[in-house]
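In my numbering, the protein residues as written are 14 to 422.
1. Which of the three DSSP states, helix, strand or coil, is assigned to residue 346?
2. Give the range of the alpha helix (DSSP H) segment to which residue 280 is assigned.
3. Anyone know if the C-beta pair for residue 400 and residue 391 falls short of 8 Å?
4. Could you check where the beta strand (DSSP E) with residue 166 kicks off and where it finishes?
5. Use the C-beta contact count for residue 65: other C-beta atoms within 10 angstroms, 16 or more gives buried, fewer gives exposed.
6. Should residue 119 go down as buried or exposed, given a rule of 16 or more other Cβ atoms within 10 Å for buried?
7. Do three or more CB pairs link the stretch 338-349 to the stretch 306-321 at distances below 8 Å?
8. Output needed for residue 413: all residues of its chain with C-beta closer than 7 Å, excluding positions within five of it in sequence on either side, in chain order.
9. Once you ignore the five residues that flank residue 116 on each side, which residues in its own chain have a CB closer than 7 Å to its CB?
10. When DSSP labels each residue in this structure, what does residue 73 get in the three-state scheme?
11. Would a C-beta distance cut-off of 8 Å place residue 394 and residue 383 closer than the cut-off?
12. Would you give the residue range spanned by the beta strand (DSSP E) that residue 325 belongs to?
13. Is there contact here, the stretch 212-224 with the stretch 164-171, by at least three beta-carbon pairs under 8 Å?
14. Give the secondary structure of residue 273 by DSSP, where H, G and I count as helix, E and B as strand, and everything else as coil.
15. Identify every residue that forms a DSSP beta bridge with residue 145.
16. Applying the criterion that 16 or more other CB atoms from any shown protein chain within 10 Å of the CB defines a buried residue, is residue 207 buried or exposed?
17. Exposed or buried, residue 53, counting other C-beta atoms within 10 Å across all chains shown (16 or more means buried)?
18. Can the beta-carbon of residue 187 be found less than 8 Å from the beta-carbon of residue 220?
19. Do you know how far the Cα of residue 197 is from the Cα of residue 128?
20. Here's a check: name, in chain order, each residue in its chain whose Cβ is nearer than 7 Å to the Cβ of residue 365, leaving out the five neighbours to either side.
21. With distances taken from CA atoms, which of 84, 105, 98 is nearest residue 58?
22. For residue 227, report the span of its beta strand (DSSP E) as first-last.
23. Please return the same chain residues whose Cβ sits closer than 6 Å to the Cβ of residue 157, not counting the five positions on each side in sequence.
24. Residue 63 and residue 107: beta carbons closer than 8 Å?
25. Output the distance between the C-alpha atoms of residue 215 and residue 190, rounded to the nearest integer angstrom.
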């Protein structure tokens with residue numbers, strides 16, 4: 014049986030990020046590497062994969078996937094800007110184009126053995142509220158349209174550890190009802206969509222959804238940042254994750270659930286549920302396009318949530334964006350503070366925006382990457398920011414060596 018490839022935060026993301034627009038280029042080294050510290054110049058292997066004779070579809074933020082769909086020993090590249098294409102990996106030759114009812118593709122392609130039958134399938138989410146399941150031969154198994162706006166978030170995982178994979182999508186619309194869970198046959202799972210109860214949620218304007226086991230029960234929790242100052246988090250049945258007692262019974266702000274806790278930089282404001290936005294400069298984070306990672310940052314066997322917040326001053330009108338910064342959160346929504354690594358206050362003043370004019374440059378998507386850069390068993394947090402730099406924070410809340418790396422000067 015072939016092993017599934019899932020482009021979710023719980024697994025290694027085998028997304029071949031080689032697309033700019035949709036001019037797909039595969040790079041390979043031109044020579045064998047004799048010096049392990051040397052970096053060989055890349056050689057263009059092929060380009061324009063999936064394009065038409067005289068034009069290419071406009072690409073957005075979707076990352077391709079790579080998998081041996083037909084079990085012939087040769088990898089395929091699966092990508093989508095609007096239509097979905099399956100390309101021969103070594104040559105870039107178009108094997109199949111799948112047309113569908115949805116429009117553009119924002120979230121990454123997911124390839125996985127959805128129903129545990131040994132065959133890989135493809136899952137894509139699109140504009141106009143469409144979700145597609147495509148079989149390993151490129152045939153459209155089903156199309157579902159549970160909403161009318163764009164789905165920008167897509168994740169796949171076995172939420173309840175029953176051997177079947179579920180499909181989770183998030184909607185780019187200003188509505189607290191923003192996340193759907195579908196069974197592998199396309200039917201919406203009971204208890205979804207969410208958020209229907211207490212708390213705040215809004216549109217998901219990036220590929221924000223994260224899945225992972227936070228409480229050690231082998232089932233996957235769902236962490237859903239959205240266009241607000243809170244982060245929603247759920248059990249597989251749609252019930253909300255509860256918070257630490259320090260958030261409970263605050264005057265006028267009884268924050269029993271994750272989706273009720275506002276992410277002020279100052280923990281004192283967060284624990285009481287409000288900050289002095291009307292009186293003075295006050296920093297708090299929004300998570301409209303800040304994906305989460307569920308991962309074990311310090312190697313103790315317990316997963317945490319890493320999420321990038323867009324910190325703004327809520328005293329100004331309109332709000333002034335100040336900087337992007339990572340938050341590390343525990344199961345009970347408290348801030349990470351273990352082993353001498355104190356994240357009760359996140360890193361501050363990491364870098365102001367260079368420019369935020371959408372007509373000049375597309376908005377930055379500060380997707381966190383959590384990886385052990387120095388081999389010490391603890392994870393660093395990397396993210397690109399609107400200050401023109403790629404940041405890398407160690408658990409001591411500092412950037413080591415030559416980090417951050419300036420992409421724009």
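Positions of the beta carbon are idealized from the N, C-alpha and C atoms, including for glycine.
According to the data block:
1. coil
2. 280-285
3. no
4. 164-170
5. exposed
6. buried
7. yes
8. 407
9. 95, 139, 140, 141
10. coil
11. yes
12. 317-326
13. yes
14. helix
15. 137, 156
16. buried
17. exposed
18. no
19. 7 Å
20. 335, 336, 400
21. 105
22. Here residue 227 belongs to no beta strand (DSSP E), and DSSP marks it neither H nor E.
23. 144, 199
24. yes
25. 7 Å
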